[in-house]
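Residue 88 in UniProt numbering sits at position 88 of the sequence shown; the count goes up by one each step and never skips.
For every residue, glycine included, the Cβ atom is placed at its ideal position computed from N, Cα and C.
In this text the structure is predicted, and so the values were computed from the model without any measurement.
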Amino acid sequence: MLTYTRLATKNDLNQIMPIIHDGQENLAAAGIPQWQDGYPDQAAIAQDIDQGEGYVLVNSESIIGYGAIRQTPEPNYIAPISGTWSDDTTPYVSLHRVVVSSHFRGQHLGQIFMSNLLTISSRLGFQAARIDTHEQNKRMQHLIEQTGFSYDCTVCMNGNLNDLRWAYSLPLNK
């Protein structure tokens, strides 16, 4: 079973969106409000792809995961509402919309995908990575921590103090 990560294309949208919807449904079933307002939608994923930031996890020629590597500063990370970033000077990438199809749960493909995204980030020349997730999203928190990230602070999404995220960082190239 060949598993690898590659840059997403617009032709991949019809395989990516069911994975996004699967993630939304699983979050809803777990009672987690993250991704329950229609986001991320096809326009957000298409924008990632247009900007060269969207990546897919491929398993035996089928797309089974999606994630974005944002190479510009994340506005939601500028002013944490509690805590501080462990390193606020090193240019970083932020990982967003990381999801693997639930049909592959238990196969540790999330760890492989995260590792691949971090390798790509390092190859792009970045020395740090950041990621965030909802405070109730224990499954993603576990994946983030297993990948080597450390919790730094809490941030709010788009200025909404009712939409908080736990934010993590990881130094690269050490």
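- Taken atom to atom, the span from the alpha-carbon of D48 to that of A28 is near 24 angstroms.
- Taking C-beta separations shorter than 8 angstroms and ignoring five residues to either side along the sequence, the partners of S115 in its chain run T147, following chain order.
- T154 sits close to R165, with the two beta carbons spaced by under 8 angstroms.
- With distances taken between CA atoms, P33 lies nearest to N162 out of L172, N162 and L170.
- Residue burial is scored here from C-beta neighbours: S82 has fewer than 16 other C-beta atoms within 10 angstroms and is therefore classed as exposed.
- Per the coordinates, the alpha-carbon of G67 lies some 15 angstroms from the alpha-carbon of N59.
- In this structure, I69 sits near I120, with a CB-CB distance shorter than 8 angstroms.
- Bounds of the beta strand (DSSP E) holding H134 are A128 to H134.
- Within the same chain, Cβ atoms closer than 8 angstroms to the Cβ of G31 are found at Q136, the five residues on either side in sequence being excluded.
- Excluding the 5 residues flanking it on each side, I112 has same chain C-beta neighbours closer than 7 angstroms at T3, in chain order.
- With a 10 Å radius around the Cβ and a threshold of 16 neighbouring Cβ atoms, G65 comes out buried.
- A direct Cα-Cα distance of roughly 23 angstroms separates I131 from P18.
- Your pair S150 and D87 does not check out as a contact, with CB atoms roughly 10 angstroms apart and the cut at 8 angstroms.
- For D152, the enclosing beta strand (DSSP E) stretches over residues S150 to M157.
- When C-alpha distances from R105 are compared across G23, A128, N158 and G52, the shortest belongs to G23.
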